[in-house]
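The opening position of the sequence shown corresponds to residue 1 in full-length UniProt numbering, with each subsequent residue numbered one higher.
Think of the CB as a built atom: it goes at the ideal place given N, C-alpha and C, for glycine as much as any other residue.
Here the structure is a predicted model, which means the values were calculated and not measured.
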Amino acid sequence: MDAWPFVGRDEELAAIETAFDGSDVDAVVIAGPAGVGKTALARRVLGRLRAAGSRAECVVGTRAAASIPFGAVAPLVPADWRPVGGPLGVLRAVATQVGRWGGRRRVAIGVDDAHLLDDSSVAVVTHLVTERLAFGVLTLRTGEPVADAITALWKEERAERLELGGLPAAAVDHLLGHYLKGPIDGLSRRRLTEAAAGNPLALREMVHGGLSGGKLRERYGVWRLDPAYQPGGRVTELVARHLVGLDASTRHVVELVAEGEPVALPALETLADAASIRAAEESGLVTVGRSGARVEARLAHPLYGEVLRAGMPLTRARIVRRRLAKALLDTPMRRRDDALRAAQWQVDGGVITHPDVVRVGARQAIGWSDLRLAERLARAARNAEPGAEADVLLAEILEYRGKSAEAVALLSDEPPPETTDPMLWAVTRAETLYWGLGAAGAAERVLMAVAGGPRGELADGTRSWILVFDGRCGAALDVARQVLARPGADPQGVIWAAAGGTAAAGFLGRLDESDAIHDRGLPVAAAHRDVMPWGVYEIEIAACLAHLASGDLIGARAFADEGYRLAVEAGVPMMVSGWALFSGLVTAAQGHLDVAGAMLREAFAGFEENDTFRFRRCCGAALAGVSALRGEAAEALRWMGEVEPFGAGANRIFEPWIELWRSWTVLSEGPPARPSGTPRAPPSWPAPPTCRRWRRPRSTRSAGWAARSTGTGSPRWPYGWPPRSRRRWPAPPAGSPLRTGGHSPTRPRRSSCWGTTCWRPRRRRWRPGRSGGPAGAASRSCSRRGPRSGGPGAPARARRCCWTARSPTCSPPGNGRSCCSPRSTAASRSPSAWGSA
């Protein structure tokens, strides 16, 4: 593996250089835990001082050299010195030689691992510093005993002590990108970052261990860390040194906290004696602090838990989990995650004494989108206590995981007589029928049969959500309005209806109503987050879709970025994949094809494990479209081939987009051959029934061209066409590429070379020369006064300014001509090719 780059220490580096150049201190002591980067920082400082003209030398303290007097500072002893005068003679010889180099302002001596120096070497180093013969840059490990002479340096203010913490998140991201040479999915990045806690050595060893063990693999161009990965190798060695010397009772306390952190202190006191708990805290391995009204025990570093759990024998781990489960079950379990923890400890311990708690824990695992854990808990609860309730719960989880055949086998065609919640059975049955089998009609009938009973809003809310994804947005909006208008409606039904109504109104172009429904449902979802953790995600995803469908790409991007960030922070795998998909769709619509491709690949890989709403087909088709727009025909065909086996079923709302991406994929292969002598007929397209048609003003002097509107949200111009040709064009929103590129244009003009729409200035009203950014440079290179906008060299000039722009109808970079015939280029501009959902 490559050497680590030096990143994330700019502030510390500047502070040490400032101390050398213009302060009264004569040394800097860099203190920190093992692997945090003390040595790398000291070496970088010495290297920069040496490059600036100063003399910089370095000595290293080791346990082996500590057994020899002056062993660490031997490189500073003059080569021609003879053993005269004993230890004092050595000290004088080193001081004389270093003094000839120029003194405090010209000389720096680095001492790595100063806590390992022998007493004689300590005397030499402190003498050089206190006599101002050299500037000292010392490193020492926190928690290790240090010589009094070195401690006195910062106590007497002769040295500045610098506590070195973990690397910032941006630096960790840079290191991961450097090592992996490609994007890494959000959850894997989060786990590695949290486990390493900014420690570069721990991060390096975890990445190396994951790669060598096959647990960190590249899938569809994105690196993913297996959830079952357990650190080993040098990572274990880093932690093992902290466990040396612990007695059995103290180690047992550390293991209890490792398996159950955070552990409530009263519960821990029932499992271990007070002296052992105090010893574990004093060792620095366990910290005790207050969280709300509860006092809890945690491990001091996340890596301790990873290593301890990986190295604990299975039989001992089962005993520890049983004790933790019993201690928690004996409490009132008031916290929202207590049932999940108690359920998991019962199952992992091998003894299930409360199956009802395990079922509640499985449902909580669904709420946190940990579907693998939810399935394991649901199966264990069903084995411990079979029944209709256990069957419905397991079927619901299996459907969420994409195992529709097994879910259908568990559910009967009619509600079981012994079921205690027919509504829950109906919702689960409808979701299985629609997303599992694509049977929208059957799903509707199941929901409508129970809509008139208790909690009927739950059935109607689910029906609204299904109708949206089935492409019947008008009906979905009507059902959502009815649910939201009912006083005292079931909160879960309100949340689903708000999500369905928000998305449906957006697809129908009613963005104001969509925002109003979103604002109506979001407070309800936030107030019931404990019962329905998915609620907020579903409403925000619906809002992102609504803004995307309405052409508000800036608003959709804001929803997507914030949703993805929150999902990664919460560690919710399914929601991370969903937000990665929608973020990729939005960034692709904005033209950021590299970012879109990375996000879509992350989503596609994530949907292998969690594809509750069957988004994988849409995601793969979008990747094909992005590859086609980048000019990668083979890649586009490969992605389209990946999704062909899925077939069409659920999610018909995305079918127009999928067909558009399919068209771009076909076009990316090149124009079809036209037999010689075949007359070239101009294309004739019927106007869509809901579209307006207006003719270009005569002053543009371009025959045979008419602008066609596809309504608000057209992919050609996402802000809609004006109703009349003589009206001024609407100004794009602030921050959009067109606003960045220039003022609002007054008239569109089509370039025969670009395969896109060019914008011609009308006299002096639009001044592209005043704009900035790549879009502005591209517009300045292409636009000029006169009857024609563009020309043979315009595409090439625009490519040099905005090189990321690609289109299947454009030739490879460097060629200003179209690679398609005029007929093929005209076909690519057909309104049917720009259809939207």
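Give the list of continuous beta strand (DSSP E) stretches no shorter than 3 residues that lie fully inside the stretch 104-141. 107-112, 135-141
For Gly198, three-class secondary structure by DSSP: coil
Counting C-beta neighbours from all protein chains within 10 Å, is the total for Arg630 16 or more, i.e. buried, or is it exposed? buried
Any chance you could list the alpha helix (DSSP H) runs of at least 4 consecutive residues sitting entirely within the stretch 469-496, in chain order? 473-485
Glu160 bridges to which residues according to DSSP? Val28
Throw me the rounded Cβ distance for the Cys618 and Phe582 pair, which I believe falls under 8 angstroms. Their Cβ separation, rounded to whole angstroms, is 10 angstroms, which puts Cys618 and Phe582 out of contact at 8 angstroms.
Can you grab the Cα-Cα spacing for the pair Asp10 / Trp435, in whole Å? 52 angstroms
Taking Cβ positions, are Phe507 and Ala650 nearer each other than 8 angstroms? no
Can you name the residues that DSSP bridges to Thr315? Note: Thr315 sits in no beta bridge, so no partner.
Measuring CB to CB, does Ile397 end up less than 8 angstroms from Leu371? yes
Proximity of Ala395 and Leu411 at Cβ, strictly below 8 angstroms: yes
To the nearest angstrom, how far is the alpha carbon of Trp345 from that of Gly488? 38 angstroms
Can you give, in chain order, each stretch of the alpha helix (DSSP H) that sits fully within the stretch 565-625 and has at least 4 residues? 573-590, 593-606
For Leu437 and Arg234, the rounded distance between their alpha carbons: 49 angstroms
Give me the residue from Glu399, Glu414, Asp413 with the minimum Cα distance to Ala407. Glu399
At least three beta-carbon pairs within less than 8 angstroms, the stretch 443-451 to the stretch 422-430: yes
Cα-Cα separation, Val483 to His528: 17 angstroms
Alpha-carbon spacing of Leu225 relative to Leu216, whole angstroms: 4 angstroms
Ala634 and Ala603 - do their beta-carbons sit closer together than 8 angstroms? no
Report the three-state DSSP secondary structure of Glu396 (helix, strand or coil). helix
Cβ-Cβ distance between Ile30 and Leu46 below 8 angstroms: no
Run through DSSP, which three-state label would Arg401 get? coil
Taking Ala56 as part of the alpha helix (DSSP H), name the residues at either end of that continuous run. Note, Ala56: premise wrong, no alpha helix (DSSP H); beta strand (DSSP E) at 55-60.
Do Val358 and Ala374 come within 8 angstroms of each other at the CB atom, strictly closer than that value? no
According to DSSP, which residues form a beta bridge with Trp223? Ile184, Glu218
Alpha carbon to alpha carbon, how far is Val7 from Ala34? 18 angstroms
Tell me whether the beta-carbon of Gly61 lies closer than 8 angstroms to the beta-carbon of Leu116. yes
Please say whether Val77 and residue 915 have beta carbons closer to each other than 8 angstroms? Outside the modelled stretch of the chain, which goes from 1 to 837, sits residue 915, for which no answer is possible.
Can Trp101 and Val107 be called in contact, C-beta distance under 8 angstroms? yes
Roughly how many angstroms lie between the CA atoms of Arg105 and Leu192, to the nearest whole one? 42 angstroms
Please report the distance separating the alpha-carbon of Glu562 from that of Arg481. 27 angstroms
Would you kindly report the start and end of the unbroken beta strand (DSSP E) that includes Glu296? 294-299
So if DSSP puts Arg290 in a beta bridge, which residue, or which two residues, is it bridged to? Val295
By the three-class DSSP mapping on this structure, what secondary structure does Val7 have? coil
Report, in whole angstroms, the separation of the C-beta atoms of Gly32 and Glu144, which I expect to be a contact under 8 angstroms. With 8 angstroms as the limit, Gly32 and Glu144 do not qualify as a contact, their Cβ atoms being about 11 angstroms apart.
Exposed or buried, what is Leu511 when buried is set at 16 or more other beta-carbons lying within 10 Å of its beta-carbon? buried
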